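Asker: Residue numbers (our numbering): 1 to 158.
(1) Distance, Cα to Cα, residue 91 vs residue 120?
(2) Is the separation between the beta-carbon of residue 140 and that of residue 7 shorter than 8 angstroms?
(3) Going by the CB atoms, is the gap between residue 58 and residue 72 shorter than 8 angstroms?
(4) Between which two residues does the alpha helix (DSSP H) containing residue 35 stretch?
(5) Let me confirm a value: residue 25 is counted as buried when at least 16 other C-beta atoms fall within 10 Å, else exposed. Which label applies?
(6) Nearest CA to the CA of residue 142: which residue from 112, 68, 122?
(7) What separation, rounded to the nearest whole angstrom, lies between the Cα atoms of residue 156 and residue 14?
(8) If we count the other Cβ atoms within 10 Å of its Cβ and call it buried at 16 or more, is residue 51 buried or exposed?
(9) When the Cα atoms are used, what is the spatial distance from residue 23 to residue 78?
(10) Quick one: Cα of residue 37 to Cα of residue 109, how far?
(11) So is residue 2 in contact with chain C if we call contact Cβ pairs under 8 angstroms?
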C-alpha cells in the first residue's frame, strides 16, 4: 500500500493544480461523479468480459490504462473527503467478475448521493484488478504514466 500512498499524494497534487486552474467550476463534485461512471464504463469495455459473443481478446495495456483512470478517479474522491490510504480494504466475496463489475457501478452511482462508499469502491476496484491478474507494479506504472499525461495536459491547456 505504500506505493498507493505515493500515488495518492501525487493525485492530490494534481487535484490542487486542477482546482487552481479551474477554480470557478460549479458542480465540481457532480462532474466527477459522471466522470467516474464514464471511466468505469471505458475500463469495463476494454476488458471485454461482458462481451460473451466476441472471441476478440482484450489488449492488456489498454485495459490497464483504463484501470489506472478508474483508480485515479477514485483517488479524487479520497481527496474530496480527506481520506487516507489504509493497509487493506474490504471487498465482496465473489470471484465472479461480472458480479463485481455490476457492484462497482452500483457503488459509483451511490457517489452521486454522497454516500460513504469511496473506500468500498476502491477496495472492490483493487480486488477486480487482482481477478484480472494485474500485478501491483503494473498498476502503479500505469497510474504514474496517467499522472504524467494529466500533468502535461494541465500545463498545456489541453
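For glycine and all other residues, C-beta sits at the position ideal for the given N, C-alpha and C. These figures come from a predicted structure and were not determined experimentally.
Answerer: Per the coordinate set shown:
(1) Within the model, the alpha-carbon separation for residue 91 versus residue 120 is close to 7 angstroms.
(2) Cβ distance < 8 angstroms, so residue 140 and residue 7 count as in contact.
(3) Between residue 72 and residue 58, the gap from beta carbon to beta carbon reaches 8 angstroms or more.
(4) Residues 28–47.
(5) By the neighbour-count criterion, in which 16 or more other beta carbons inside 10 Å mark a residue as buried, residue 25 falls on the exposed side.
(6) Looking at the Cα atoms, 68 is the closest of the given residues.
(7) Roughly 14 angstroms between the two C-alpha positions.
(8) Residue environment: residue 51 is assigned as exposed (fewer than 16 neighbouring CB atoms within 10 Å of its CB, all protein chains considered).
(9) Here the alpha carbon of residue 23 sits roughly 19 angstroms from the alpha carbon of residue 78.
(10) Taking the straight line from one Cα to the other gives about 7 angstroms.
(11) Looking for chain C here will not work: only one protein chain is present.
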